[in-house]
Amino acid sequence: MSEILEKVYDPGRIEEKWYRFWEKHGLFTARADGSRPPYCIVIPPPNITGSLHMGHALNNTLQDILIRWKRMQGCDALWMPGTDHAGIATQNVVERMLAQEGADRHQVGREAFIDRVWRWKEESGGMIISQLKRLGCSCDWSRERFTMDEGLSRAVREVFVRLHEEGLIYQGDYIINWCPRCQTALADLEVEHEPKDGHLYHIKYPLEGREGGVVVATTRPETLLGDTAVAVNPDDPRYQGLHGATLRLPILGRKIPLITDPHVSLEFGTGALKVTPAHDFNDFEIARRHHLPAVQALDERGRMTEAAGKYEGLDRFACREKILKDLKSDGLLVKVETYSHAVGHCYRCRTVVEPLISKQWFVAVKSLAEPALDAVRQGRIRLIPEAWEKSFFDWMLNIRDWCISRQIWWGHRIPAWTCEACGRVTVAREDPAACPRCGDRRLVQETDVLDTWFSSALWPFSTLGWPDDTPELRLFYPTNVLVTAFDILFFWVARMMMMGLHCVGEVPFREVYIHALVRDAEGQKMSKSKGNIVDPLELMDAYGTDAFRFSLAAFAAMGRDIRLSEERVVGYRNFVNKVWNASRFTLMNLADFEPDRPDALPLSEVERWLMSRLQEVSGAVGAHLEAYQFDQAAHVLYQFIWHEFCDWYLEFSKPALAPGVDEVRRHHSQRVLADLLGAILRLLHPFMPFITEEIWHKLPGAAGSIMTAPYPVGDPALMDPAAEAEMGLVMEAVTAIRNLKAEMNVPAAAAVEVAVLSDSAQALAMLERHAGAVRLLARVQTLSWNPDGGPPAASAKAVLAAPGGGSVELLMPLAGLIDFREEERRLNREMDKLSREMAQAQKKLANEDFLAKAPAEVVAREQERLATFTEKLGKLKQHQKRLRALLG
RNA sequence: GGGCGGAUAGCUCAGUUGGGAGAGCAUCGGCCUUACAAGCCGGGGGUCACAGGUUCGAAUCCUGUUCCGCCUACCA
Numbered sequence: 032m033s034e035i036l037e038k039v040y041d042p043g044r045i046e047e048k049w050y051r052f053w054e055k056h057g058l059f060t061a062r063a064d065g066s067r068p069p070y071c072i073v074i075p076p077p078n079i080t081g082s083l084h085m086g087h088a089l090n091n092t093l094q095d096i097l098i099r100w101k102r103m104q105g106c107d108a109l110w111m112p113g114t115d116h117a118g119i120a121t122q123n124v125v126e127r128m129l130a131q132e133g134a135d136r137h138q139v140g141r142e143a144f145i146d147r148v149w150r151w152k153e154e155s156g157g158m159i160i161s162q163l164k165r166l167g168c169s170c171d172w173s174r175e176r177f178t179m180d181e182g183l184s185r186a187v188r189e190v191f192v193r194l195h196e197e198g199l200i201y202q203g204d205y206i207i208n209w210c211p212r213c214q215t216a217l218a219d220l221e222v223e224h225e226p227k228d229g230h231l232y233h234i235k236y237p238l239e240g241r242e243g244g245v246v247v248a249t250t251r252p253e254t255l256l257g258d259t260a261v262a263v264n265p266d267d268p269r270y271q272g273l274h275g276a277t278l279r280l281p282i283l284g285r286k287i288p289l290i291t292d293p294h295v296s297l298e299f300g301t302g303a304l305k306v307t308p309a310h311d312f313n314d315f316e317i318a319r320r321h322h323l324p325a326v327q328a329l330d331e332r333g334r335m336t337e338a339a340g341k342y343e344g345l346d347r348f349a350c351r352e353k354i355l356k357d358l359k360s361d362g363l364l365v366k367v368e369t370y371s372h373a374v375g376h377c378y379r380c381r382t383v384v385e386p387l388i389s390k391q392w393f394v395a396v397k398s399l400a401e402p403a404l405d406a407v408r409q410g411r412i413r414l415i416p417e418a419w420e421k422s423f424f425d426w427m428l429n430i431r432d433w434c435i436s437r438q439i440w441w442g443h444r445i446p447a448w449t450c451e452a453c454g455r456v457t458v459a460r461e462d463p464a465a466c467p468r469c470g471d472r473r474l475v476q477e478t479d480v481l482d483t484w485f486s487s488a489l490w491p492f493s494t495l496g497w498p499d500d501t502p503e504l505r506l507f508y509p510t511n512v513l514v515t516a517f518d519i520l521f522f523w524v525a526r527m528m529m530m531g532l533h534c535v536g537e538v539p540f541r542e543v544y545i546h547a548l549v550r551d552a553e554g555q556k557m558s559k560s561k562g563n564i565v566d567p568l569e570l571m572d573a574y575g576t577d578a579f580r581f582s583l584a585a586f587a588a589m590g591r592d593i594r595l596s597e598e599r600v601v602g603y604r605n606f607v608n609k610v611w612n613a614s615r616f617t618l619m620n621l622a623d624f625e626p627d628r629p630d631a632l633p634l635s636e637v638e639r640w641l642m643s644r645l646q647e648v649s650g651a652v653g654a655h656l657e658a659y660q661f662d663q664a665a666h667v668l669y670q671f672i673w674h675e676f677c678d679w680y681l682e683f684s685k686p687a688l689a690p691g692v693d694e695v696r697r698h699h700s701q702r703v704l705a706d707l708l709g710a711i712l713r714l715l716h717p718f719m720p721f722i723t724e725e726i727w728h729k730l731p732g733a734a735g736s737i738m739t740a741p742y743p744v745g746d747p748a749l750m751d752p753a754a755e756a757e758m759g760l761v762m763e764a765v766t767a768i769r770n771l772k773a774e775m776n777v778p779a780a781a782a783v784e785v786a787v788l789s790d791s792a793q794a795l796a797m798l799e800r801h802a803g804a805v806r807l808l809a810r811v812q813t814l815s816w817n818p819d820g821g822p823p824a825a826s827a828k829a830v831l832a833a834p835g836g837g838s839v840e841l842l843m844p845l846a847g848l849i850d851f852r853e854e855e856r857r858l859n860r861e862m863d864k865l866s867r868e869m870a871q872a873q874k875k876l877a878n879e880d881f882l883a884k885a886p887a888e889v890v891a892r893e894q895e896r897l898a899t900f901t902e903k904l905g906k907l908k909q910h911q912k913r914l915r916a917l918l919g
């Protein structure tokens with residue numbers, strides 16, 4: 032026998048070959064000519080600093096499944112790829128490189144630094160792209176974009192200027208989150224709050240001109256150096272006589288007022304709140320209400336300023352210790368409690384962020400949020416699963432202005448120029464040569480750059496060519512679906528909605544499929560610091576990309592975290608190997624197949640059964656993909672291919688495929704087998720692109736790439752309930768006989784006789800038609816049909832329900848094979864089980880309310896069940912009686 | 001503080017309108033049956049977290065409790 036395929040599938044060789052083939056033949060490239068229905072997904076652009084992690088692998092596998100599926104359905108499928116310049120993260124990477132050389136960016140200078148970043152990007156920034164290719168992603172690389180490339184930068188500038196003209200972008204001094212390490216402002220979202228065990232310090236502020244004082248409670252004693260008031264609730268009885276009093280700030284002795292503000296809680300701490308407008312968000316608001324001055328006690332590096340007096344130059348945490356010591360010696364530290372509270376950290380570098388007052392650029396998002404809210408409310412954008420809508424609404428309704436300026440160099444520089452002569456700020460699409468107000472040519476451009484998410488927010492239309500009116504934009508916008516994890520729902524998805532609606536006037540995507548987060552096998556979020564990262568590339572190396580992708584799809588149940596278990600990947604690797612071997616079997620049997628030779632035979636019963644199942648499975652896979660139920664789609668395919676096609680169909684087909692017996696029948700079976708395998712490969716292709724392409728090219732009659740072959744859809748005309756019923760009975764009979772043998776400890780290979788008894792002529796006819804298959808698969812030597820005089824009493828018996836009513840009894844004579852007592856024990860077990868189920872059904876049917884109120888079909892089904900149980904049990908009882916008589 | 005999600009077989013998890021508890025792995029027993037030992041055949045295993053309620057009927061809907069996870073928030 033000629034070895035067409037290796038015995039075990041070896042993915043390594045094949046994957047690279049086919050990816051090159053696809054790229055070479057331009058199979059990923061969208062036509063964008065309107066000749067086919069468009070289907071478009073924009074990739075969530077990975078950071079250029081990143082390398083492929085599990086989140087990427089899942090996210091992109093799901094997108095590729097959708098894109099390959101739609102492409103096979105005949106759509107002009109565009110998967111728009113690209114990367115994100117990741118301002119802070121990328122700058123950090125290059126700064127670290129400089130630090131190793133003993134330099135910093137200020138020594139190098141802005142221009143040279145940016146050159147350096149570009150150089151780094153060219154050398155190392157493409158890693159994730161090659162990793163996506165390794166994963167099999169069928170992105171249209173001919174259209175790959177980068178947030179800092181020329182076209183996208185133009186889109187960024189256009190949007191900035193437009194929003195500024197509309198008064199939706201403004202500049203001003205406000206309190207913002209500041210990262211003292213990255214040296215830049217952060218948006219609220221970029222601050223991650225972590226619970227931290229700290230202390231609540233009770234500090235006494237002495238009253239000016241009278242005895243006593245007011246005790247405040249704070250977690251950050253060092254900020255008292257910037258206090259400009261103490262506030263109490265106006266209704267707090269403890270402080271009624273003190274409103275308007277003057278207090279002396281500890282250590283510095285500065286005089287500050289005691290004010291009242293309803294914001295202050297009566298319950299918390301002492302009811303007295305120290306007000307530090309320059310270093311606390313609430314205090315900033317209070318100060319605005321009361322026109323209090325702000326004293327900046329901390330600088331941009333987190334060190335104390337000269338306003339801190341003798342503490343000037345100290346680091347904020349060192350200062351805290353020093354101040355506590357000084358307060359103690361002054362007798363002003365009244366009490367220290369342990370206290371757990373949330374502390375904000377920079378999402379890029381984990382440094383504790385510092386609220387600071389600073390001049391920054393902001394987007395007024397309220398008016399942008401409203402249309403996005405409406406789009407979701409009206410269903411023009413659908414969030415899937417829907418449960419996310421609530422979070423989305425909550426966030427959008429409480430949205431605060433978005434701080435978009437960053438004090439870094441790598442990014443889109445804000446297109447604003449200040450005139451050195453008259454101070455006028457000009458915001459323009461083109462770099463201005465002179466001040467439009469006074470004509471002076473001494474213009475200084477804003478040094479800040481924009482938040483990376485500002486350019487990401489434009490991604491669905493900037494990548495399609497906006498602000499130009501391109502064919503791509505016309506054809507593919509709005510895109511069909513955005514596939515993402517929930518952790519960037521606010522960061523990115525919401526902002527794309529706002530920008531898309533505002534700039535293009537239409538939603539950026541019609542659906543948002545929000546998938547789970549990948550965690551490790553213990554359910555922990557993967558992170559470098561925990562050391563629990565599972566590298567997707569290692570899994571691909573070990574088990575093959577197809578197995579890995581199929582695993583991810585199978586894991587992707589909606590609305591739940593995924594725990595990555597390597598054992599399951601092994602399981603799906605085995606499935607891939609099963610597909611390989613079923614193909615190997617098929618191809619071995621097709622070695623002499625002539626695809627063009629006519630085949631006059633109609634489909635056999637077995638073939639009609641599997642064809643029927645194939646239609647149902649095809650329909651189900653399509654419906655599941657349509658609903659983003661990737662796990663269900665994978666599961667349906669797995670069950671069908673392994674447990675119906677391989678376990679049963681291939682076994683059934685063996686006799687007809689035997690060479691030299693009936694060549695006409697053999698040729699017919701070959702043709703059907705080739706068709707079936709072709710359909711299975713096509714169904715699997717979006718999940719397992721590599722192995723399916725490899726086998727497709729060896730399959731007689733298959734032409735071109737499987738990528739362009741039509742995806743099977745269920746054809747109702749090929750559904751065949753009669754064939755399904757018939758084969759159902761046959762398979763049940765085979766299983767029942769195998770079961771009798773196994774339970775009776777009869778060797779599987781033993782030549783046994785089986786007598787079939789039935790009151791159903793139809794059932795008998797069905798089994799007789801497939802007698803050969805039953806004998807082969809159940810390993811029975813002879814079958815007898817309703818034998819005269821009945822079968823011997825000394826038998827093991829199984830009872831099946833016949834499809835049209837009645838029953839089928841299978842009797843296997845035990846004489847000389849086993850101990851009858853074993854059969855008695857087995858019978859008891861079986862009868863116990865049946866009795867339990869029967870009692871359940873009887874109880875239901877005895878309930879008059881059930882008969883009266885349950886739908887007729889439910890009642891009928893229950894009656895049918897009861898009848899079946901009763902019949903089976905009766906037959907088994909009778910058998911038991913005869914057996915007992917025999918045993919004495 | 002507010003919100004969301006989860007608790008189903010030893011493990012990891014499905015279970016879409018309420019109507020016969022499932023899969024994979026693990027486990028036990030038997031098989032080199034000429035595609036596959038990464039395999040084949042067969043078996044065992046669950047008070048669906050707990051307590052109430054609605055219903056003829058609840059893993060599924062409602063209320064409450066416990067435990068776990070996440071998001072979000074201006075009580076310092």
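Going by my numbering, the letters in the first sequence line up with residues 32 to 919, in that order. No residue lacks a Cβ here, since even glycine has one placed at the ideal position from N, Cα and C.
Alpha carbon of residue i to alpha carbon of residue j, nearest angstrom
| i | j | result |
| --- | --- | --- |
| Arg468 | Arg455 | 7 Å |
| Leu907 | Ala779 | 24 Å |
| Met32 | Ala622 | Confidence at Met32 is low in this model, with a pLDDT of 32, below 50, so its placement is unreliable and the value that follows should be read with caution. Using only the alpha carbons, I get a separation of about 10 Å. |
| Val535 | Phe492 | 8 Å |
| Glu34 | Phe624 | Bear in mind that the predicted position of Glu34 carries a pLDDT of just 45, short of 50, making it unreliable; the figure below should be weighed with that in mind. Taking the straight line from one Cα to the other gives about 16 Å. |
| Met758 | Pro886 | 30 Å |
| Gly602 | Ile98 | 26 Å |
| Leu256 | Ile435 | 30 Å |
| Ala665 | Leu89 | 14 Å |
| Gly837 | Ala872 | 18 Å |
| Met571 | Gly105 | 30 Å |
| Gly140 | Ser487 | 27 Å |
| Trp727 | Ser736 | 8 Å |
| Arg334 | Ala134 | 22 Å |
| Gln271 | Pro265 | 8 Å |
| Met427 | Ala516 | 18 Å |
Own chain partners of residue i with C-beta closer than 8 Å, once the 5 adjacent residues on each side are dropped
| i | result |
| --- | --- |
| Leu273 | Leu238, Val245, Val263 and Leu289 |
| Glu47 | none |
Identity of the residue in the options nearest residue i by Cα
| i | options | result |
| --- | --- | --- |
| Thr60 | Cys380, Val192, Ile74 and Trp110 | Trp110 |
| Leu414 | Phe521, Leu329 and Asp432 | Phe521 |
| Gln476 | Glu451, Pro822 and Trp497 | Glu451 |
| Ile430 | Ala400, Val783, Leu914 and Pro743 | Ala400 |
| Cys380 | Glu223, His801, Ala796 and Gly157 | Glu223 |
| Gln909 | Glu316, Val295, Phe616 and Glu840 | Glu840 |
Same chain, Cβ closer than 6 Å to residue i, five either side skipped, listed in chain order
| i | result |
| --- | --- |
| Met862 | Leu907 |
| Trp49 | Phe721 and Glu724 |
| Met738 | Leu58 |
Close-in-space but distant-in-sequence residues of the same chain around residue i (CB under 7 Å, 5 per side omitted)
| i | result |
| --- | --- |
| Thr899 | Ala832 |
Pair every Cβ in the segment 112-131 with every Cβ in the segment 475-490, then say whether three or more of these pairs are closer than 8 Å.
yes
What are the uninterrupted segments assigned as beta strand (DSSP E) that are 3 or more residues long and contained completely in the segment 743-815, given in chain order?
783-789
3-residue-minimum beta strand (DSSP E) runs that sit fully inside the segment 567-640, ordered along the chain:
none
Go through the segment 139-209 residue by residue and report every complete run of the beta strand (DSSP E) that reaches 3 residues or more, in order.
none
Which full runs of the beta strand (DSSP E) of 3+ residues lie inside the segment 440-479, going along the chain?
447-450, 456-458 and 474-476
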